[in-house]
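Protein chains in written order, with the working numbering: chain A, 267 to 404; chain B, 267 to 404; chain C, 267 to 404; chain D, 267 to 404. Just so you know, even glycine gets a beta-carbon here, dropped at the ideal spot from N, CA and C. Quantities reported herein were computed from a predicted structural model and do not represent experimental measurements. As structure tokens, the structure follows; a few thoughts come after it.
4 protein chains.
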Amino acid sequence: MIGSVTEEKVRVRYAETDQMGHAYYANYLIWFEQARSAFFRERGLPYKEIEERGYKFPVVEAHARYKGEVKYDDEITIRVWVGELKRAAVRIDYEVVLGGKVVTEGYTWHVCVGSDFKAVTLPLFLRELVEPTESRLE
Amino acid sequence: MIGSVTEEKVRVRYAETDQMGHAYYANYLIWFEQARSAFFRERGLPYKEIEERGYKFPVVEAHARYKGEVKYDDEITIRVWVGELKRAAVRIDYEVVLGGKVVTEGYTWHVCVGSDFKAVTLPLFLRELVEPTESRLE
Amino acid sequence: MIGSVTEEKVRVRYAETDQMGHAYYANYLIWFEQARSAFFRERGLPYKEIEERGYKFPVVEAHARYKGEVKYDDEITIRVWVGELKRAAVRIDYEVVLGGKVVTEGYTWHVCVGSDFKAVTLPLFLRELVEPTESRLE
Amino acid sequence: MIGSVTEEKVRVRYAETDQMGHAYYANYLIWFEQARSAFFRERGLPYKEIEERGYKFPVVEAHARYKGEVKYDDEITIRVWVGELKRAAVRIDYEVVLGGKVVTEGYTWHVCVGSDFKAVTLPLFLRELVEPTESRLE
């Protein structure tokens with residue numbers, strides 16, 4: 267883990283259930299995204315502003331392991347942090363917690379691209395956001 | 267309007283945008299649902315428990331009028347209240363508010379059905395929930 | 267009805283069901299959109315190309331009346347046609363048919379906007395698309 | 267690969283795009299599901315009937331690697347096959363193909379459960395479906 271963890275609460279919508287009576291599996295990736303947004307917002311730089319500065323973080327890989335079920339109206343907590351930083355890519359890790367148990371865990375790999383969708387080195391302000399210099403010195 | 271208003275906040279997800287750069291129109295119906303859930307929860311009877319008691323509220327009509335745009339990361343407020351009560355049906359009204367302006371308004375009609383999906387008279391505990399006797403006497 | 271009808275088949279996805287065991291109500295608006303796309307494509311001008319020419323059709327109103335249920339794996343047909351044409355707006359009508367029965371009907375109102383999202387008169391090529399001159403003369 | 271491949275075509279919906287102008291990443295898991303359904307249907311046993319016989323296949327793991335972009339109105343092909351069979355679990359593999367190129371690949375692991383959501387040995391009719399005895403003898 268690099269830096270700190272952000273926690274984001276999500277109340278499961280009826281729309282997110284399926285006829286099995288649980289949350290449909292693709293929704294976890296959407297909750298991961300909501301948690302990522304919260305991660306950046308909490309560090310003072312909403313993802314919206316990152317895009318306004320000309321950068322985007324398309325997902326190049328996504329993974330989820332479902333270990334327990336989540337139901338309608340459950341209030342889950344998504345824990346999110348940076349797992350790995352490369353020159354032009356970042357892996358973000360997630361845990362979905364319900365009733366004190368990790369019910370799902372996953373990660374997403376993102377590349378940093380400019381407005382032309384070509385990969386670029388992570389700009390310093392992003393690197394600082396994730397891993398402040400002072401923390402690295404400690 | 268019958269009874270009082272509930273307000274539910276929603277932060278617009280990236281998943282909910284489309285290539286026009288705004289929230290896709292079907293998502294408003296999902297936000298309406300989230301607000302309905304909040305409405306019941308706030309009155310002490312989560313919709314989940316209504317289903318556990320053997321009742322469901324399938325939507326039989328839905329309407330939305332889009333007057334302004336909503337974007338990624340916007341924090342919108344959905345105002346929700348009961349607009350009309352019939353013997354076995356209820357109309358719920360919604361306003362989506364952003365920056366003090368109503369950007370979308372809509373309603374949904376629901377019938378009350380039992381576990382066999384046949385329409386039934388609204389049970390008293392539901393009627394009381396929406397329109398407490400004391401308020402009707404006033 | 268102005269002009270002719272397009273029919274678009276959709277197979278209901280598991281993702282589109284909810285714990286009630288039916289298709290969740292917001293998905294019908296998505297199917298309406300898929301049918302609209304088919305409507306334009308069938309007339310030789312995919313909506314994608316309309317956007318490439320600098321026009322967009324944001325939805326300003328949507329309505330659906332649900333009269334029967336649709337389940338996972340059902341193959342439904344969405345019938346779509348132009349219901350009304352105004353100077354800068356168009357109403358599109360829909361019927362969702364399953365097993366010979368109309369299970370849902372609805373409409374969407376769209377305004378025609380330019381790339382600055384300001385309303386503009388419907389360009390002639392669109393008007394012709396919907397209501398060919400020859401058919402109007404007949 | 268065990269057995270044969272099924273191909274399922276999907277036309278990308280406007281709803282499935284995001285403000286980056288591409289298909290949002292969670293939708294690929296939904297398309298995987300649509301392809302899985304087509305896989306079972308093509309072999310004469312729709313997943314719906316598997317559920318009617320008392321079995322379900324909840325997803326316990328999902329993975330996707332995004333190598334190219336998919337846009338609104340693109341007609342993609344999802345290739346789907348069984349990658350691995352265990353006593354009570356199955357891995358299904360996917361490729362999303364556009365213009366002759368694999369733009370995304372992924373897999374999902376499913377356990378076979380009975381109506382009480384407890385894992386059970388894959389019933390013979392399912393094993394036969396995926397890997398017919400005759401093909402194994404060859």
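Distance CB(residue i)-CB(residue j) smaller than 8 Å
i, j, result
"Ile344/D", "Trp297/D", "yes"
"Val274/D", "Ala301/D", "Residue identity differs from the one stated: residue 274/D is Glu in this sequence, not Val. It is a contact, given that the beta carbons lie within the stated cut-off."
"Thr283/D", "Tyr290/D", "yes"
"Leu364/A", "Gly334/A", "yes"
"Glu299/D", "Arg277/C", "no"
"Ile316/A", "Val396/A", "no"
"Asp339/C", "Lys314/D", "yes"
Residue environment, residue i, which counts as buried when at least 16 other CB atoms sit within 10 Å
i, result
"Phe306/C", "buried"
"Asp382/B", "exposed"
Distance, residue j Cα to residue i Cα
i, j, result
"Glu394/C", "Pro398/A", "60 Å"
"Glu341/A", "His288/C", "23 Å"
"Cys378/D", "Arg309/C", "46 Å"
"Glu371/C", "Val271/B", "30 Å"
"Tyr332/B", "Ala355/C", "14 Å"
"Ala304/D", "Gly366/B", "47 Å"
"Tyr373/A", "Tyr373/D", "15 Å"
"Gln235/C", "Val369/C", "The shown model of chain C, from 267 to 404, leaves out residue 235/C, and the question about it has no answer."
"Glu404/B", "Leu392/B", "With a pLDDT of only 49 at Glu404/B, under 50, the local geometry of the prediction cannot be trusted, and the value read off the model is given with reservation. Each residue's Cα considered, the two are about 19 Å apart."
"Glu361/C", "Trp347/C", "9 Å"
"Ile358/B", "Ile358/C", "25 Å"
"Lys384/D", "Arg319/D", "15 Å"
"Gly380/B", "Gly380/D", "27 Å"
"Ala281/B", "Ala281/C", "15 Å"
I want to know whether the stretch 312-324 of chain A touches the stretch 321-330 of chain D - three or more CB-CB distances under 8 Å. With the cut-off at 8 Å, the stretch 312-324 of chain A and the stretch 321-330 of chain D do not touch.
Unbroken stretches of the alpha helix (DSSP H), 4 residues or longer, contained in the stretch 332-400 of chain D: For the stretch 332-400 of chain D, the full-length alpha helix (DSSP H) segments reaching 4 residues or more read 390-396 along the chain.
Answer yes if the stretch 348-357 of chain D comes into contact with the stretch 377-394 of chain D, meaning at least three C-beta pairs across the two stretches below 8 Å, and no otherwise. In short, these stretches touch, since the Cβ pair count reaches three.
Ignoring anything shorter than 4 residues or poking outside the stretch 270-315 of chain A, list the alpha helix (DSSP H) runs there in chain order. Runs found: 293-308.
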